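The sequence shown begins at 1 in our numbering and counts up by one.
Reviewing the structure listed below.
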Amino acid sequence: MATDTLKSTPGARGGAAGGLRRLLLDNGALTALIVLVIAMSALSGDFLTADNLLNVGVQAAVTAILAFGVTFVIVSAGIDLSVGSVAALSATVLAWSATEAGIPVVLAVVLAVATGIVCGLVNGFLVSYGKLPPFIATLAMLSVARGLSLVISQGSPIAFPDSVSHLGDTLGGWLPVPVLVMVVMGLLTAFVLGRTYIGRSMYAIGGNEEAARLSGLRVKKQKLAIYAFSGLFAAAAGIVLASRLASAQPQAAQGYELDAIAAVVIGGASLAGGTGKASGTLIGALILAVLRNGLNLLSVSAFWQQVVIGVVIALAVLFDTVRRKAGATAPAAGASGGGKGKQALTYVIAAVVAVAVVGATSLLHNGSSAADRPKIGLSLSTLNNPFFVQIRDGAEEEAKKLGVDLTVTDAQNDASQQANQLQNFTSGSLSAVVVNPVDSDAAGPSVRGANQAGIPVIAVDRGVNEADTSALVASDNVEGGALGAKALAEKLGGKGTIVILQGQAGTSASRERGAGFAEGLKDYPGIKVVAKQPADFDRTKGLDVMTNLLQAHPDIDGVFAENDEMALGAIKALGSKAGTSVQVVGFDGTPDGLKAVRAGTLYASVAQQPSELGRIAVRNALRAVEGEKVEKMVKVPVKVVTKENVAGFEG
């Protein structure tokens with residue numbers, strides 16, 4: 001009952017070819033991992049280094065821990081879409097309890113773990129006793145847990161207790177603690193699946209739930225325990241993730257539930273239930289980590305990375321189908337000693353082959369001459385925003401002019417993904433790093449790693465907290481906020497009601513623009529701010545938030561948005577009111593923003609020069625590499641652009 005019971009066909013047993021075929025079918029995930037390691041080693045000389053391999057382990061840790069918990073659910077023919085949100089909620093509860101509430105750290109950790117377990121129990125109750133499909137029950141928990149995380153944190157990152165943040169450090173200066181936690185959780189998963197009553201019950205329920213019930217298993221209570229395990233592992237993953245970032249991010253681990261499910265499926269588990277094992281899940285998580293790490297080192301676009309990972313997942317499911325049709329068996333928990341011996345021998349042979357091929361590849365890289373051109377890495381918070389696209393374009397233009405090799409990565413507004421990218425830059429052969437942080441606090445630990453490696457770091461547009469940067473190249477956001485306040489107030493004649501659309505919480509750009517606007521507004525006591533809401537620098541969120549605010553404040557006179565994207569969303573929500581009865585001021589001077597200024601729907605934009613930011617950042621990075629003096633703060637002027645002067649403005 002614990003495994004797929006299909007038998008291998010006689011043809012598959014006969015001869016060396018049949019044996020090889022059987023070996024590949026039974027160990028497809030391991031084979032894929034070996035092939036990936038060999039391929040990445042051949043394509044990038046930076047991949048096969050001790051530091052980078054440890055990076056791969058660290059980057060796999062959170063996904064693997066989440067996936068171990070999801071393995072329990074998938075083996076029992078369920079699904080858990082809430083683990084990413086539960087991880088964020090657990091970390092937020094820990095950080096808030098230990099800092100804001102003043103609860104002792106040990107009790108805060110217990111409370112965070114209990115939060116994960118309670119979320120899992122609620123999922124299990126809804127599935128078992130509420131008769132909800134697992135997909136619906138856990139989808140609801142995904143939303144509830146994420147919402148609670150935002151409510152508790154008020155949308156802003158919370159500093160993590162120092163005593164817990166050590167989980168993101170290393171032992172002896174080289175062994176990452178997240179990797180140790182991953183190994184411990186993996187061993188616990190293997191023990192539960194293979195050596196406990198609840199583990200055998202999972203396989204029985206996944207194989208045939210009705211038969212399991214008729215055989216005397218208390219299926220409903222077992223499912224409660226299964227989902228509680230998933231919540232427990234999600235809490236552990238959230239604590240490890242927050243420790244790496246030195247802060248609890250309420251928006252952390254978005255989409256991680258899909259990575260966790262993918263790791264389990266790639267590792268050989270079936271979504272139909274009844275099969276799956278801890279070692280396969282670990283291999284699946286490592287495959288995803290190797291893919292992302294290697295593609296980063298090869299400067300492959302983050303957009304194409306998503307395509308590649310999607311193809312790998314589809315191929316994994318297809319391979320599972322082929323394996324079943326071919327009659328290959330999935331090794332079971334509790335399999336015979338001989339089976340385990342053969343499996344161990346397979347792993348040993350695989351390791352020997354991989355080491356031999358990779359070693360030969362590394363010799364080829366060592367024998368090749370290194371390029372003389374300086375290499376600089378640029379990690380942008382997102383490329384889904386015209387402002388940052390212009391920063392990239394300016395940086396690439398300057399790099400080409402100066403003869404610099406520039407590697408650009410897109411963090412997709414995920415602080416954890418950016419931390420991984422910065423780690424990859426640090427372990428590679430880069431001369432300098434330019435970073436536009438997703439979150440100023442979360443970028444700190446990774447930038448400190450670059451500091452320890454002696455790699456100069458230039459921050460662009462947003463600063464990095466608790467770390468040393470050679471320079472911060474940014475617009476004067478405080479001055480820009482004050483100019484925005486003056487422009488809007490004077491347009492309204494010094495009186496009226498306005499709303500403010502705030503940027504992404506935790507970023508220096510949002511804080512500084514907001515502070516500058518508030519300071520500038522003090523000169524106009526007739527202007528009243530009736531609402532402030534974050535829209536995360538996103539046009540769609542700006543549209544939604546503005547639509548909601550208009551329900552409560554239909555008679556507002558003005559809007560200040562901390563970037564043009566949110567301003568454009570607000571204009572869409574305002575419709576015919578934009579530029580007539582309601583004046584909107586944005587920030588950045590993006591092409592779409594300036595187009596709206598020309599059309600009269602956007603009254604003004606506090607225009608930056610994003611292309612110039614990118615050019616100056618690369619220029620200063622090269623100066624730092626060459627040992628020249630670099631100013632710690634490089635301010636790029638801002639300018640209020642209205643319909644009267646937009647024709648002569650060049651961003």
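Glycine included, each C-beta is placed from N, C-alpha and C at the ideal position.
Predicted model only: the values in this text are computed from it and were never measured.
Query, Result
"V464 in three-state terms, based on DSSP", "coil"
"Segment contact, 8 Å Cβ cut-off, at least three pairs: the stretch 429-446 with the stretch 555-568", "no"
"Residues sharing a beta bridge with I391, DSSP", "Looking at the DSSP assignment, I391 forms no beta bridge with any residue, so it has no partner."
"Where P534 sits in the DSSP three-state scheme", "strand"
"Nearest residue (CA-CA) to N296, options I283, E644, G493 and G377", "G377"
"Cβ-heavy atom distance, Q423 to the ligand SAM, below 7 Å", "You won't find the ligand SAM in this model; it holds no ligand whatsoever."
"Sheet register partners of S605 (DSSP bridge)", "G586 and V641"
"Of the listed residues V164, G273 and K639, nearest to Q609 (C-alpha basis)", "K639"
"Secondary structure of P176, DSSP reduced to three states", "strand"
"Contacting residues, own chain, Cβ-Cβ under 7 Å from G403 (five flanking each side not counted)", "R373"
"Where the beta strand (DSSP E) through A471 begins and ends", "A471 to S475"
"Proximity winner among M202, T99 and E209, relative to S230 (alpha-carbon distances)", "M202"
"Three CB pairs or more closer than 8 Å across the stretch 247-255 and the stretch 170-185", "no"
"DSSP state of T540 mapped onto helix, strand, coil", "helix"
"Residues that V529 bridges to, as DSSP identifies them", "I498"
"Rounded separation between V110 and K221 - CA only", "23 Å"
"For D405: DSSP bridge partner residues", "K375"
"Three-state secondary structure assigned by DSSP to F560", "strand"
"Short Cβ contact (8 Å threshold) for L568 with D538", "no"
"Uninterrupted alpha helix (DSSP H) stretches inside the stretch 48-119 (no shorter than 4 residues)", "50-75 and 83-99"
"Residue span of the alpha helix (DSSP H) that contains A415, given as start and end", "A415 to S427"
"Under the three-state DSSP convention, the category K277 falls into", "coil"
"Beta-carbon proximity check, A442 vs S149, cutoff 8 Å", "no"
"Sufficient close CB pairs (3 or more, under 8 Å) joining the stretch 54-67 to the stretch 287-306", "yes"
"Three-state class that DSSP yields for V264 in the structure shown", "helix"
"For L271, the three-state DSSP class (helix, strand or coil)", "coil"
"Element boundaries [alpha helix (DSSP H), containing A39]", "G28 to L43"
"Test item: CB-CB of A471 and V625 under 8 Å", "no"
"Separation of Q533 from L594, as counted between CA atoms", "24 Å"
"Selection from Y129, K491, I152 and P134 that minimises the alpha carbon distance to L94", "I152"
"One or two residues paired with D410 in a DSSP bridge", "L380"
"Run of the alpha helix (DSSP H) containing K220, from where it starts to where it stops", "V219 to L245"
"V219 versus S128 - alpha carbon distance", "8 Å"
"G480 versus K577: straight-line alpha-carbon distance, rounded", "25 Å"
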